[in-house]
Structure formats: structure tokens, C-alpha cells
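Using the numbering used here, the final residue of the sequence shown is 475, and nothing's skipped along the way. These notes concern the structure reproduced below.
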Amino acid sequence: MELDTPVLDNHLHLDPEHGKGIEAVKDFARVGGTHLLVVNKPSWLLGVDVEQGADFEAVFETTIAAVTEASEILDGRAWPVLGVHPGLVSKLVDDRGFAPAEARDLMQAGLDAAAEYVADGRALALKSGRPHYDVPDAVWDASNAVLRHALALGGDLDCAVQLHTEASEDLTEIAAWAEARGLDRHRVVKHYAGGRLAGPTPSVMSDKDRLAEAAERAETADEPFLMETDFVDDPDRPGAVLGPKTVPRRVRWLREEGWEAAIETAHVETPAEVYGIDTRATLG
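This is how it looks when you write it as C-alpha cells:
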């Protein structure tokens with residue numbers, strides 16, 4: 192354990208067929224990474240044209256297989272996070288002629304399929320959200336209905352829900368939706384977050400400016416946060432987002448800057464609070 196601490200990347204993708212796959216995991220581990228939360232890639236990027244909820248299972252099984260292989264390499268382990276990318280609504284409505292309500296129903300059925308994996312212990316958490324770009328009102332309403340369905344499933348299953356949403360420092364409305372559905376707001380995770388967020392738990396993109404703000408808030412205001420890269424594992428987008436070595440390297444940088452307590456927050460305390468996982472006990 193090179194950094195003498197668990198090091199968790201809270202959100203990245205693995206594509207064993209088209210991308211680096213397990214080689215990305217090896218890169219992560221070589222520089223001190225120990226734990227991963229692997230989110231399934233959007234269905235259309237894996238060549239799956241969904242027609243019903245069961246069609247998402249091919250996407251989920253690909254992710255689970257990658258997680259199993261990753262766990263054999265890591266000093267810690269990996270877990271799958273399964274769900275439906277919110278951008279699917281546009282693929283269905285704009286490209287395939289679905290009505291927004293039909294897209295909503297199909298995406299909710301995909302979440303129901305993902306929930307079965309969480310219920311039987313094969314997945315750790317769910318993934319949902321809403322578009323981060325402008326869409327017609329009917330599509331926005333359908334997307335929010337999908338998001339609320341995911342939160343309700345999280346409440347029923349007592350599991351975390353990762354969200355892909357518009358950029359914002361205030362998502363208290365979504366946190367309130369979660370609590371109304373029996374899901375504590377701290378178990379709602381805003382993927383691709385900045386260093387400051389009201390409402391859900393931020394999963395902070397691991398650039399230095401965002402991390403410095405999150406670390407300061409963790410140490411001065413006891414605010415939780417996670418760290419991520421959103422590595423997309425797409426050979427057609429080699430410079431997209433951040434590479435798999437980034438989180439361990441940023442942990443080393445945080446240590447050099449004296450943010451030791453923030454490292455504990457992001458890689459031990461917050462994972463335990465949000466997901467119920469013990470990153471120390473799962474080492475070795």
C-alpha cells in the first residue's frame with residue numbers, strides 16, 4: 192500500500208472490449224490506488240440498443256465482470272454501481288422517436304433491473320440523474336421522474352444513488368426528494384462535483400482547485416466528500432476527463448499540502464457513511 196492509506200476512486204468506467212479495461216486498473220494500482228467504484232458505461236456506448244428493462248442486463252454484466260477482474264488486482268477491491276445514464280433520454284427521444292413518457296418508462300425499467308442486482312448483493316449502489324444540457328420541458332419532466340424513481344429505489348433498498356446532473360453548488364431540492372422517499376441525503380452522491388455542494392454528498396473531480404476547496408471544508412466544517420476521475424475508458428476520447436492514475440497522485444499532493452484529515456474523510460469516513468463499506472478492513 193504505497194500511500195499507507197486506502198485510496199478510492201468513486202466514479203470511473205471500464206470497457207474491457209473497446210478500452211484499456213484491466214490495464215487502467217493496473218495503472219491505478221501501480222501509483223497507490225486501492226479501491227474503485229466502477230459505474231457501467233452508457234448502454235449505447237457498449238452497442239446495446241435497449242427496448243425493455245432486461246436489455247440493460249448485458250451492460251450490467253459487462254461491468255460486474257470487469258469489477259471481478261479488478262478486485263483480483265487491487266490491494267483493496269472494486270464494487271459495481273449500476274443504473275441508467277440520464278443522457279439516454281435524448282438518444283431515445285431525438286434519435287429513436289420515443290415519446291418522453293415512453294423514454295421515462297424504459298429508463299425506470301432499467302433502474303428496476305439494476306435494483307435487482309443491488310438487492311441480491313451483486314452491486315453496491317445505483318446510478319441515475321438528469322441531463323446537464325438544455326432539453327424540452329417534457330423531456331426535463333420525464334428525466335426528473337426517472338431521477339425520483341431512482342431515489343425511491345435507493346430508499347427501498349437502503350443503498351446510495353450516484354447522480355449525473357447539471358453543474359450546481361445547490362441541489363437541496365434533490366436532497367429533499369430523497370428524504371421524502373426514505374433515502375438520507377448523505378447517501379445521494381453528486382458525481383462530477385465541485386468542492387462545494389449543498390444537499391447531496393459531493394464526489395469531487397480530482398483537479399487541485401476543486402480538491403483544495405473540498406479539503407478545506409472537510410477540515411474546517413466537517414463536510415464529507417469523495418474523489419473521482421470519471422475516467423471514460425474510450426479510445427476515441429483519449430484525453431477526456433481524467434486518467435486512472437489521477438486520484439492516487441492527488442492523494443499524494445493532498446498529503447504534501449498537509450490535508451491529512453481530508454484524506455481520511457474522502458477515503459475512509461465518507462465511503463463508510465455513504466456506502467457502508469470499510470476501505471481499511473477490505474485491504475489485503
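We put the CB at the ideal spot given by N, CA and C, even for glycine.
Quick one: measure Cβ to Cβ for residue i and residue j, integer angstroms, because I've assumed they're closer than 8 angstroms.
i	j	result
residue 424	residue 206	4 angstroms
residue 464	residue 393	Residue 464 to residue 393, Cβ: 13 angstroms. No contact.
residue 385	residue 402	At roughly 10 angstroms, the Cβ-Cβ gap does not stay under 8 angstroms, so residue 385 and residue 402 are not in contact.
residue 337	residue 295	6 angstroms
residue 341	residue 274	7 angstroms
residue 227	residue 443	With 8 angstroms as the limit, residue 227 and residue 443 do not qualify as a contact, their Cβ atoms being about 18 angstroms apart.
residue 244	residue 304	5 angstroms
residue 321	residue 335	6 angstroms
residue 265	residue 458	At roughly 13 angstroms, the Cβ-Cβ gap does not stay under 8 angstroms, so residue 265 and residue 458 are not in contact.
residue 399	residue 218	Their Cβ separation, rounded to whole angstroms, is 20 angstroms, which puts residue 399 and residue 218 out of contact at 8 angstroms.
Compute the Euclidean distance between the alpha carbons of residue i and residue j, then round it to the nearest angstrom.
i	j	result
residue 454	residue 446	8 angstroms
residue 137	residue 369	Because the chain in this structure spans residues 192 to 475, residue 137 falls outside the shown range and cannot be described.
residue 231	residue 220	20 angstroms
residue 249	residue 371	32 angstroms
residue 210	residue 462	27 angstroms
residue 247	residue 349	22 angstroms
residue 310	residue 466	14 angstroms
residue 363	residue 196	32 angstroms
residue 222	residue 271	22 angstroms
residue 406	residue 452	8 angstroms
residue 252	residue 300	16 angstroms
residue 233	residue 472	32 angstroms
residue 345	residue 409	25 angstroms
residue 323	residue 356	5 angstroms
residue 332	residue 374	21 angstroms
residue 280	residue 474	39 angstroms
residue 284	residue 262	37 angstroms
residue 278	residue 429	21 angstroms
residue 361	residue 431	26 angstroms
residue 289	residue 351	29 angstroms
residue 456	residue 417	8 angstroms
residue 282	residue 448	44 angstroms
residue 354	residue 316	11 angstroms
residue 208	residue 254	11 angstroms
residue 213	residue 229	12 angstroms
residue 388	residue 367	14 angstroms
residue 383	residue 258	21 angstroms
Is residue i near the ligand ATP, in the sense that its beta carbon is under 7 angstroms from a heavy atom of that ligand?
i	result
residue 392	In terms of ligand content, the structure shown is empty, and the ligand ATP therefore cannot be addressed.
What are the boundary residues of the alpha helix (DSSP H) that residue i is part of?
i	result
residue 340	328-348
residue 237	Taken as a continuous stretch (DSSP letters only), residue 237 belongs to no alpha helix (DSSP H), as it is neither H nor E.
residue 399	399-412
residue 465	461-466
residue 361	That residue, residue 361, is in no alpha helix (DSSP H); it is neither H nor E in DSSP.
residue 218	213-221
residue 431	Per DSSP, residue 431 belongs to no alpha helix (DSSP H) and is neither H nor E.
residue 453	451-455
Assuming residue i is part of the beta strand (DSSP E), what are its boundary residues?
i	result
residue 352	352-355
residue 438	Element bounds for residue 438: not the beta strand (DSSP E) but the alpha helix (DSSP H), 437-447.
residue 257	Note, residue 257: premise wrong, no beta strand (DSSP E); alpha helix (DSSP H) at 248-264.
residue 270	269-274
residue 301	Here residue 301 belongs to no beta strand (DSSP E); instead the alpha helix (DSSP H) covers 291-310.
residue 316	316-320
residue 230	226-230
Give me the DSSP bridge partner(s) of residue i.
i	result
residue 395	384, 418
residue 203	229
residue 389	361
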